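Colleague:
In the working numbering, the protein residues as written are 1 to 450.
1. Determine whether the beta carbon atoms of residue 66 and residue 18 lie at a separation below 8 Å.
2. Using 8 Å as the Cβ pair cut-off and three pairs as the minimum, do the segment 157-173 and the segment 33-50 touch?
3. Quick check on residue 6 - is its C-beta less than 8 Å from some C-beta in chain B?
4. So, at 7 Å on beta carbons, what are the nonlocal neighbours of residue 132 in its own chain, with the 5 sequence-adjacent residues on each side left out?
5. I'd like to confirm the pairing. Which residues does DSSP put opposite residue 38 in its beta bridges?
6. Do residue 360 and residue 321 have their CB atoms nearer than 8 Å?
7. Short check: CB of residue 175 to CB of residue 206, under 8 Å?
8. Under 7 Å Cβ to Cβ from residue 248, same chain only, skipping five residues before and after it: list those, please.
9. Whole angstroms is fine: what's the gap from residue 91's alpha carbon to residue 333's?
10. Is the segment 107-124 in contact with the segment 419-431, if contact means three or more CB pairs nearer than 8 Å?
11. I need the boundaries of the alpha helix (DSSP H) containing residue 172, first residue and last residue.
12. Quick check on DSSP: helix, strand or coil for residue 156?
13. Within 10 angstroms of the Cβ of residue 338, are there 16 or more other Cβ atoms? Answer buried if so, exposed if not.
14. Identify whether residue 193 lies in helix, strand or coil by the three-state DSSP scheme.
15. Can you tell me the Cβ-Cβ gap for residue 204 and residue 186, rounded? I've got them flagged as a contact below 8 Å.
16. How long is the line joining the alpha carbons of residue 130 and residue 318, rounded to whole angstroms?
17. With DSSP run on the structure shown, which of helix, strand or coil describes residue 46?
18. Alpha carbon to alpha carbon, how far is residue 210 from residue 326?
19. Counting along the chain, where does the alpha helix (DSSP H) carrying residue 147 start and finish?
20. Alpha carbon to alpha carbon, what distance is there between residue 87 and residue 460?
21. Who are the Cβ neighbours of residue 341 in its own chain at under 7 Å, not counting the five residues just before and after it?
22. Relative to the C-alpha of residue 430, which residue among 215, 124, 119, 163 is closest?
23. Relative to the ligand MG, is the shortest distance from any of its heavy atoms to the C-beta of residue 101 smaller than 7 Å?
24. Mind checking whether residue 415 and residue 184 have CB atoms under 8 Å apart?
25. State buried or exposed for residue 365, treating a residue as buried only when at least 16 other CB atoms are found within 10 Å of its CB.
26. Can you tell which of 217, 156, 216, 126 has the C-alpha that lies nearest to the C-alpha of residue 188?
27. When we look at the beta-carbon of residue 6 and count the other beta-carbons within 10 Å, is it buried (16 or more) or exposed?
28. Figure out for me which residue from 218, 352, 45, 250 has the closest Cα to the Cα of residue 198.
29. Please go through the same chain and pick out, in chain order, the residues whose beta-carbon is closer than 7 Å to the beta-carbon of residue 407, but skip the five residues on each side of it.
30. In whole angstroms, give me the CA-to-CA distance for residue 42 and residue 2.
31. If you run the structure through DSSP and keep just helix, strand and coil, what is residue 450?
32. Out of 83, 246, 56, 51, point me to the one whose CA is closest to residue 368's CA.
33. Quick check on residue 403: does DSSP put it in helix, strand or coil?
34. Can you give me the C-alpha to C-alpha distance between residue 143 and residue 171, rounded to a whole angstrom?
35. What are the start and end residues of the alpha helix (DSSP H) that includes residue 105?
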């Protein structure tokens with residue numbers, strides 16, 4: 001009974017928001033995109049996330065309210081994105097891998113980019129994106145805690161599966177990835193000139209807990225690297241010096257949180273000691289063994305199991321690109337998901353675990369260059385304008401992350417970030433134009449034409 005009450009209340013909220021508060025629907029969609037929340041709707045050709053996106057898009061394009069700035073299509077990012085999508089679909093078709101599902105994926109990715117652009121321009125900031133990534137982070141933290149309470153392991157049981165059909169099996173690393181991104185976004189956002197972001201100091205330890213619970217070592221390592229750089233940058237700045245010192249206190253609180261986390265899991269949630277040993281092995285034993293091996297010191301060979309096969313998966317991807325692909329395939333690629341379709345992966349079932357190599361294999365030098373130029377366009381623009389953006393920090397995080405993972409760089413989430421970043425650049429130019437206009441001296445009446 002309680003389940004049906006929740007579903008009815010959610011449906012009523014959705015209909016009200018769709019007609020009167022569309023930015024709430026945008027938050028819902030962006031959260032679903034970031035946290036990868038989705039499920040099939042019985043009797044509907046569209047799943048939940050696609051239906052929400054379609055309804056929001058229809059509402060947006062029929063809205064009579066004028067949004068400031070140029071259209072999304074006119075931005076350089078949109079042009080690169082459309083070219084890359086057309087290329088990806090074309091090369092996938094030429095390799096006989098194209099199907100309706102892949103087409104829908106790329107169309108949905110473009111829709112995410114458009115809506116990210118639209119809502120930044122409409123709101124004049126990334127506040128819709130910010131709220132979405134916070135909710136997504138808490139969703140992942142809740143799913144991790146829920147799984148551990150249920151006695152689960154590294155394959156996560158999501159809370160919303162209690163109300164909807166189960167949609168997919170999720171690996172623990174994904175949840176650490178999202179919580180880490182939320183953490184660095186909040187950290188970078190705190191170091192901006194925004195006066196309404198003091199709550200970030202309270203939110204960051206929660207996201208850090210999510211990273212720890214996920215046991216994602218790559219996410220934790222990149223989080224630490226980016227955090228050190230941002231805090232050092234803040235401490236060197238006169239404007240953000242005080243904020244940076246507060247962040248040091250947050251860092252200390254995160255470390256204290258780490259010390260008490262395992263004890264809390266044992267005493268409050270009654271998580272089995274076997275699982276806690278598994279967490280310790282992943283976060284401590286394996287990285288230490290890798291470091292010792294690299295330095296020529298003695299190490300426990302059994303601690304290298306997970307990291308070794310990832311390194312082997314990347315080596316297989318490299319050998320595939322160099323030794324198994326023809327010259328034309330190296331240049332143009334073998335199509336989306338071609339790596340797995342040809343059983344090139346580790347034991348024939350695992351992906352490359354190296355997003356750079358995977359992109360080269362599936363989209364070739366040409367497709368990879370298109371995508372690279374698109375990213376370089378962002379970096380050069382933000383750098384030349386000296387514009388510090390949490391969105392750019394997220395993009396840097398993802399680029400670092402794919403060196404040990406797969407297709408995250410072309411995910412819906414990245415298209416959403418890309419569209420939002422394109423809007424931030426356009427809005428910056430819009431503000432500069434308005435400021436320049438305001439600073440023009442008024443023409444005295446006697447000099448004006450009558």
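Quick reminder that beta carbons are idealized off the backbone N, C-alpha and C, glycines included. Since we're looking at a predicted model, the values are computed, not measured.
Modeller: The short version:
1. no
2. yes
3. Absent from the structure is chain B; it holds one protein chain and no more.
4. 27, 30, 31, 34
5. For residue 38, which the question treats as bridged, DSSP gives no partner whatsoever.
6. yes
7. no
8. 231
9. 7 Å
10. yes
11. 172-190
12. strand
13. buried
14. coil
15. 5 Å
16. 37 Å
17. coil
18. 43 Å
19. 127-149
20. Residue coverage of the chain in this structure runs from 1 to 450, which leaves residue 460 outside it and unanswerable.
21. 97
22. 124
23. As for the ligand MG, it is missing from this structure, which has no ligand bound.
24. no
25. exposed
26. 126
27. exposed
28. 250
29. 355, 358
30. 21 Å
31. Reliability of the predicted coordinates at residue 450 is poor, the pLDDT of 38 falling under 50, and no value is obtained from them.
32. 83
33. helix
34. 11 Å
35. 100-123
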